[in-house]
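Q: What follows is a structure written as structure tokens; I'll ask about it next.
Numbering (my numbering), first residue to last: 46 to 479.
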């Protein structure tokens, strides 16, 4: 893979996106209610054509988009990313009918998507999912009953294999609410299943971004008991299916995060994303694309904190000169810049590897997310320290970034999980060379 650097046109596009975010998105973000989906903001992302780019761009362009928005408007960046995370499985694995029904509404911002993988007892160990998809015995083919092929036919990956086991898929990141409350003037999804019922989903999902206010969920449920990662199926679940309810969780997050309760929710073969018992691959494919771009989100925040620090230390009078003249301050700023640029290079290198179909994408994606999110935490914290008490006032940019920067080290794979993935892939590479 060639060495990576942004082209001049990409740098210019980044500047245009930052300006667009300041002019069109930041004002809408400021009017949003914390802890709730900002539907006007999502709709504006659609009008600007940014949501459509989630499904027409490669990983490098996705990273460029997320970094640019994060620098100026983290709320817009998160709203865009959650649309992509929730709807990418539909784009990549959905049937023509599923894609035709939902993707136009996702891209124009009238339908809000959510990625529902994590559970109260299955966050970092996502292969331990307990949400049950129970077959209805009176139905025909399409369920995981007698007509379904055995697990070893459905997957060539051994159950609980190291390559599938650790996803770290705790999603990014209270008022009782009916899931999927539609925006005024938009049509709600149909309440009926999309075909004859084949399964009933029963269990809980937790820490789900955009829950309980999303219009549909990509839900991962266990269709084969005792099969680990092999026995999970992905379903496209409209939010007003009978038996689905949710509640908001009071979190350190400006966007909604909630829990879902599924009580015998009917789903069908027409709701399956991909293949029965192969849903874990749907989840991992989505995360391999979005993990580097989580790093891009972190780089955008780090760059915003660095820019604010450069302006502050250059203008702040202290000790008979400017704050930047203090060697300790100058060295700290240099370290902030060094780490930010190193993280940026790793993020875009991982994205380039994804676009080129490189075999080591899981390792590179984990490295990018780990380094960038840990770097952003360091840079934002250092920026707060150099600004002093003013940075802790409500409404200050750094106060906002300080709250935003913590969650990415947990969702879509905690830092510890990323280290485990990196080590596992390194040893697998060593073994393959023998």
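Yeah, the Cβ is synthetic: ideal placement off N, Cα and C, and Gly gets one too. Note that the structure is predicted; figures quoted are calculated from it, not measured.
Specify, as a first and last residue, the run of the alpha helix (DSSP H) that residue 408 falls within.
A: Translated into positions along the chain shown, residue 408 becomes position 363. It spans 406-432 - the alpha helix (DSSP H) in which residue 408 sits, taken as one unbroken run.
Q: Whole alpha helix (DSSP H) runs in the region 49-106 with 4 or more residues, listed along the chain?
A: Those alpha helix (DSSP H) runs which fall completely within the region 49-106 and span 4+ residues are 53-65, 71-75, 84-92.
Q: At what residues does the beta strand (DSSP E) containing residue 250 begin and finish?
A: Translated into positions along the chain shown, residue 250 becomes position 205. That run of the beta strand (DSSP E) goes 244-254.
Q: Straight-line CA distance for residue 462 to residue 406?
A: In the chain shown, residue 462 corresponds to position 417, counting from 1. In the chain shown, residue 406 corresponds to position 361, counting from 1. If you take the alpha carbons of residue 462 and residue 406, they lie about 16 Å apart.
Q: Note down the Cα distance separating residue 446 from residue 89, rounded to an integer number of angstroms.
A: Sequence index remark: in the chain shown, residue 446 carries index 401 (1-based). Sequence index remark: in the chain shown, residue 89 carries index 44 (1-based). Cα to Cα, residue 446 sits roughly 23 Å from residue 89.
Q: Only counting the same chain, and skipping five residues up and downstream in sequence, which positions put a Cβ closer than 6 Å to that of residue 83?
A: For the purposes of this step, residue 83 is taken as the residue at position 38 of the chain shown. Hits under 6 Å: 77.
Q: Could you check what DSSP says for residue 460 in three-state terms: helix, strand or coil?
A: Residue numbering aside, residue 460 sits at position 415 when the chain shown is read from its first letter. Helix.
Q: Let's test the definition: count the other Cβ atoms within 10 Å of the Cβ of residue 167 and tell me whether it reaches 16, buried, or not, exposed.
A: Along the chain shown, one-based indexing puts residue 167 at 122. Buried, by the Cβ-count rule.
Q: Going straight from the alpha carbon of residue 480 to that of residue 408, what length do you get?
A: Residue 480 is absent from the structure shown; the chain starts at 46 and stops at 479.
Q: State buried or exposed for residue 113, treating a residue as buried only when at least 16 other CB atoms are found within 10 Å of its CB.
A: What you label residue 113 is simply residue 68 of the chain shown in a count that begins at 1. Buried.
Q: Would you mind stating whether residue 107 and residue 55 have Cβ atoms separated by less than 8 Å?
A: Position 62 of the chain shown, counted from the first residue, corresponds to residue 107. Position 10 of the chain shown, counted from the first residue, corresponds to residue 55. In this structure, residue 55 does not lie closer than 8 Å to residue 107 by Cβ.
Q: For residue 310, which three-state DSSP category applies?
A: As a working mapping, residue 310 is identified with position 265 in the chain shown. If DSSP states are grouped into helix, strand and coil, residue 310 belongs with the strands.
Q: To which residues does DSSP link residue 338 through a beta bridge?
A: As a first step, residue 338 must be located in the chain shown, where it is residue number 293. DSSP, once it has assigned bridges, lists no residue as partnering residue 338.
Q: DSSP three-state label for residue 285, please.
A: Taking the chain shown and counting its residues from 1, the one referred to as residue 285 is at position 240. If DSSP states are grouped into helix, strand and coil, residue 285 belongs with coil.
Q: Alpha carbons only, please: which of 458, 421, 464, 456 is nearest the one belonging to residue 443?
A: In the chain shown, the residue the question calls residue 443 occupies position 398. Closest option to residue 443, Cα to Cα, is 421.
Q: Do you know how far the Cα of residue 290 is from the Cα of residue 165?
A: For the purposes of this step, residue 165 is taken as residue 120 along the chain shown, with counting starting at 1. For the purposes of this step, residue 290 is taken as residue 245 along the chain shown, with counting starting at 1. If you take the alpha carbons of residue 165 and residue 290, they lie about 16 Å apart.
Q: Whole angstroms is fine: what's the gap from residue 424's alpha carbon to residue 117's?
A: Translated into positions along the chain shown, residue 424 becomes position 379. Translated into positions along the chain shown, residue 117 becomes position 72. Cα to Cα, residue 424 sits roughly 16 Å from residue 117.
Q: In terms of residue numbering, what span does the alpha helix (DSSP H) encompassing residue 388 cover?
A: Taking the chain shown and counting its residues from 1, one reaches residue 388 at position 343. First-last of the alpha helix (DSSP H) with residue 388: 372-400.
Q: I'd like the list of long-range same chain contacts for residue 99, defined as Cβ closer than 6 Å, with 5 residues on each side in sequence excluded.
A: As a working mapping, residue 99 is identified with position 54 in the chain shown. Excluding positions up to five away in sequence, the list reads 129.
Q: Does DSSP put residue 368 in a helix, in a strand, or in coil?
A: Residue 368 sits at position 323 when you count from the first residue of the chain shown. Helix at residue 368.
Q: Please state whether DSSP places residue 278 in a helix, a strand or coil.
A: Numbered from its first residue, the chain shown carries residue 278 at position 233. If DSSP states are grouped into helix, strand and coil, residue 278 belongs with the strands.
Q: Out of 274, 340, 393, 369, which one is the CA nearest neighbour of residue 354?
A: Along the chain shown, read from residue 1 onward, the residue named residue 354 stands at position 309. The shortest C-alpha separation from residue 354 is found at 369.
Q: At a cut of 8 Å, does the region 295-308 reach the region 251-260 through at least three beta carbon pairs?
A: The region 295-308 is in contact with the region 251-260.
Q: Measuring CB to CB, does residue 104 end up less than 8 Å from residue 334?
A: To locate residue 104, count along the chain shown from 1; it is residue 59. To locate residue 334, count along the chain shown from 1; it is residue 289. Result yes, Cβ atoms of residue 104 and residue 334 sit closer than 8 Å.
Q: For the beta strand (DSSP E) holding residue 264, just list the boundary residues, first then last.
A: The residue labelled residue 264 in the question sits at position 219 within the chain shown. Counting along the chain, the beta strand (DSSP E) containing residue 264 begins and ends at 261-267.
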